[in-house]
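Engineer: Can you read through this structure? Questions will come right after.
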Amino acid sequence: MEFTQLPHPSPTPADVREQAIADPGFGTVFTDHMISIDYEEGRGWHNAVIGPREPIALDPATSVLHYAQEIFEGLKAYKHPDGNLGLFRPEANAQRFNASADRMAMPHLPEDVFVQSVRELVRKDADWFPTVEGGSLYLRPFMFASEAFLGVRPAKKYKYLVIASPAGNYFKSGVPAVSIWVSRDYVRAAPGGTGAAKTGGNYAASLVPQAEAIAKGHDQVVFLDAVERKWIEELGGMNLFFVMDDGTVITPPLTGTILPGITRNSLIQLLKEQGLTIREERYSIDQWRADAESGKLVETMACGTAAVVTPVGKVEGPDGAFTIGSGGPGQLTQKLRETLVGIQRGTVPDPHGWVSTI
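Residues in the sequence shown are numbered consecutively from 859, following the numbering used here.
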């Protein structure tokens, strides 16, 4: 797709930019530019622009404000030893984006256009890559219903945008492993719902229990299934893996209530290549506690684009707490993190072709 290039009237001065990217945290600093493409029923995708990042004017009746037709993705650009930037599996993000679009009754964006749009923005704002150790350029493609109307039906107009945010470490607790609160009063998704789609409503549903977790001194919340309230599903924004003392690794299955994480899929492949047995099967909260207390469970790890691979050290709920292993990072978790981060950053061989240089 041909992108129209619009000049930026007042780009961020270099000294201000350098100060901002020295320690950007996560999700609070943004680059100068954005991508936008419009869609209209009967016309398709058009008006592709790369221009200044700026506010979006919306009619008060814009559909997304009333009926929540909105989806998004999250991926990162990494700096390689040769100075080039690379993307990790952007085609998988493009595929998941369209799977989310299907569930939310939204049009597909051609996968090659998705990947092209992300690459275009990274090229444009490459100077915003953070200088902090372990930094990356976080990319947020998203689409929303932009038609102004108040009828309950799929919209006929949509807007697709991509913005970029220099990112440091996701967790700021300073501990080597994260602490988890078990939500007993709230669920993230129900069978037949939108749990497998990356849509904002799923995250809105997690905000109250996440706040509850933080108020109790924890980093994240873990959700149980909506039917029996016993089976572990996922954290507020990450998938889970459970490592047993016999080398077996369990991860909850994708049954429509769990987001199919790209990091999750990558870890499954890496684990299989190491000769480990991976079981995608249900795992209960009671079994999690029992296995941790008996020593059968030696590690639990959470994974996602933002935090990559993160060890879980402590779990607490209304009925008590338990510690996993020594409460710190386990050997397999550390090894997988080093391997995956190394592939992403170009310091470890990439036999899968997961990384594409920009």
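Just so you know, even glycine gets a beta-carbon here, dropped at the ideal spot from N, CA and C.
1. Report the rounded CA-to-CA distance for Ala1025 versus Phe884, giving the unit in angstroms.
2. Would you say Val973 reaches chain B, if we count a Cβ-Cβ gap shorter than 8 Å as a contact?
3. DSSP on Ser1031, reduced to helix/strand/coil?
4. Quick one: Cα of Val897 to Cα of Glu1131, how far?
5. Only counting the same chain, and skipping five residues up and downstream in sequence, which positions put a Cβ closer than 6 Å to that of Asn905?
6. Below 8 Å on the Cβ atoms is my guess for Tyr1061 versus Ser994; work out the distance and round it to an integer in Å.
7. Return the first residue and the last residue of the beta strand (DSSP E) that Trp986 is part of.
8. Taking only the alpha-carbon atoms, compute the straight-line gap between Thr1115 and Val874 and give it to the nearest angstrom.
9. DSSP three-state call for Ala1084: helix, strand or coil?
10. So Ser1064 is in the beta strand (DSSP E); what residue range does that whole segment cover?
11. Can you find at least 3 beta carbon pairs, one from the segment 1155-1172 and one from the segment 1180-1195, that sit closer than 8 Å?
12. If you check the beta carbons only, do Leu943 and Ala984 fall under 8 Å apart?
13. Using CA atoms only, rank isn't needed, just tell me which of Val1045, Lys1056, Asn1097 and Leu1125 is closest to Lys1088.
14. Note the first and the last residue of the continuous alpha helix (DSSP H) segment covering Thr957.
15. Along the alpha helix (DSSP H) that carries Glu1131, what are the first and last residues, could you check?
16. Which of the three DSSP states, helix, strand or coil, is assigned to Gly1114?
17. Counting along the chain, where does the beta strand (DSSP E) carrying Val1213 start and finish?
18. When the Cα atoms are used, what is the spatial distance from Met1240 to Gly902?
19. Between Ala1013, Val971, Ala1003 and Lys934, which has its C-alpha nearest Phe987's C-alpha?
20. According to DSSP, simplified to helix, strand and coil, what is Leu808?
21. Return helix, strand or coil for Leu1054, following the three-state DSSP convention.
22. Residue range of the beta strand (DSSP E) that Leu1037 falls in?
23. Counting only the same chain and skipping the five closest in sequence on each side, list residues whose C-beta sits under 7 Å from that of Ile1143.
24. Quick test of the definition: if touching needs 3 or more C-beta pairs under 8 Å, does the segment 1141-1155 touch the segment 1094-1106?
25. Suppose contacts are defined by Cβ-Cβ distances below 8 Å. Is Pro1118 in contact with Arg954 by that definition?
26. Just the Cα atoms here: how many angstroms apart are Gly1153 and Gln1127?
27. Helix, strand or coil for Gly1178, going by three-state DSSP, please let me know.
28. Locate the alpha helix (DSSP H) running through Ala878, then write down its first and last residues.
29. Going by beta carbon distance, what residues of the same chain come within less than 8 Å of Ala855, once the five residues before and after it are set aside?
Structural biologist: Result, derived from the coordinates:
1. Along the sequence shown, read from residue 1 onward, the residue named residue 1025 stands at position 167. Along the sequence shown, read from residue 1 onward, the residue named residue 884 stands at position 26. The alpha-carbon atoms of Ala1025 and Phe884 are separated by roughly 5 Å.
2. The chain inventory of the structure shown lacks chain B, comprising one protein chain alone.
3. Looking up residue 1031 in the sequence shown gives position 173. Here Ser1031 scores only 49 on pLDDT, less than 50, and its place in the model should not be relied on; the value that follows carries that caveat. Residue state, collapsed to three classes: coil.
4. In the sequence shown, the residue the question calls residue 897 occupies position 39. In the sequence shown, the residue the question calls residue 1131 occupies position 273. The sequence shown places Tyr at residue 897, rather than the Val named in the question. If you take the alpha carbons of Tyr897 and Glu1131, they lie about 42 Å apart.
5. Working through the sequence shown from its first residue, we reach residue 905 at position 47. The residues are Asp896.
6. Mapped onto the sequence shown, residue 1061 falls at position 203. Mapped onto the sequence shown, residue 994 falls at position 136. So it is not a contact: roughly 21 Å between Cβ atoms.
7. Numbered from 1 along the sequence shown, position 128 holds the residue referred to as residue 986. Neither: Trp986 is in no beta strand (DSSP E) and is coded neither H nor E.
8. Locating residue 1115 in the sequence shown gives position 257, where the first residue counts as 1. Locating residue 874 in the sequence shown gives position 16, where the first residue counts as 1. Going from the Cα of Thr1115 to the Cα of Val874 covers about 43 Å.
9. Position 226 of the sequence shown holds residue 1084. Reduced to three states, the DSSP call for Ala1084 is coil.
10. Working through the sequence shown from its first residue, we reach residue 1064 at position 206. Where Ser1064 is concerned, there is no enclosing beta strand (DSSP E), although the alpha helix (DSSP H) it sits in stretches over Gly1058 to Ala1073.
11. yes
12. Counted from its first residue, the sequence shown places residue 943 at position 85. Counted from its first residue, the sequence shown places residue 984 at position 126. Cβ atoms of Leu943 and Ala984: closer than 8 Å.
13. Residue 1088 sits at position 230 when you count from the first residue of the sequence shown. Lys1088 has its Cα closest to that of Val1045, out of Val1045, Lys1056, Asn1097 and Leu1125.
14. Position 99 of the sequence shown, counted from the start, is the residue given in the question as residue 957. Position check: residue 957 holds Ala in this sequence, whereas Thr was assumed. It spans Pro948 to Arg961 - the alpha helix (DSSP H) in which Ala957 sits, taken as one unbroken run.
15. Looking up residue 1131 in the sequence shown gives position 273. Segment Ile1120 to Glu1131, the alpha helix (DSSP H) holding Glu1131.
16. Taking the first residue of the sequence shown as 1, we reach residue 1114 at position 256. Note: Gly1114 maps to coil in three-state DSSP.
17. Here residue 1213 is taken as the residue at index 355 of the sequence shown, counted from 1. Val1213 to Thr1215 is the extent of the beta strand (DSSP E) around Val1213.
18. No answer is possible for residue 1240: the residues shown for the chain start at 859 and end at 1216.
19. In the sequence shown, counting from the first residue as 1, residue 987 sits at position 129. Per the Cα distances, Lys934.
20. Because residue 808 is not part of the residues shown, which for the chain are 859 to 1216, the question remains open.
21. Position 196 of the sequence shown, counting from 1, holds the residue named residue 1054. Note on residue identity: the sequence assigns Ala, not Leu, to residue 1054. Looking at Ala1054 - three-state DSSP - the assignment turns out to be coil, as it is neither helix nor strand.
22. Along the sequence shown, read from residue 1 onward, the residue named residue 1037 stands at position 179. First, the amino acid is wrong: residue 1037 is Ser here, not Leu. That run of the beta strand (DSSP E) goes Val1036 to Val1040.
23. Within the sequence shown, numbered from 1, the residue matching residue 1143 stands at position 285. Here the set comprises Val1040, Leu1082, Lys1088 and Ile1090.
24. yes
25. Taking the first residue of the sequence shown as 1, we reach residue 1118 at position 260. Taking the first residue of the sequence shown as 1, we reach residue 954 at position 96. Yes. Within cutoff.
26. For the purposes of this step, residue 1153 is identified with residue 295 of the sequence shown, where counting begins at 1. For the purposes of this step, residue 1127 is identified with residue 269 of the sequence shown, where counting begins at 1. Rounded to the nearest angstrom, the two C-alpha atoms are 26 Å apart.
27. Reading the sequence shown from its first residue, position 320 is the one you call residue 1178. Three-state DSSP puts Gly1178 in a strand.
28. Counting from one through the sequence shown, the residue named residue 878 turns up at place 20. That run of the alpha helix (DSSP H) goes Ala872 to Ile879.
29. This structure gives no information on residue 855, because the portion of the chain shown stretches from 859 to 1216.
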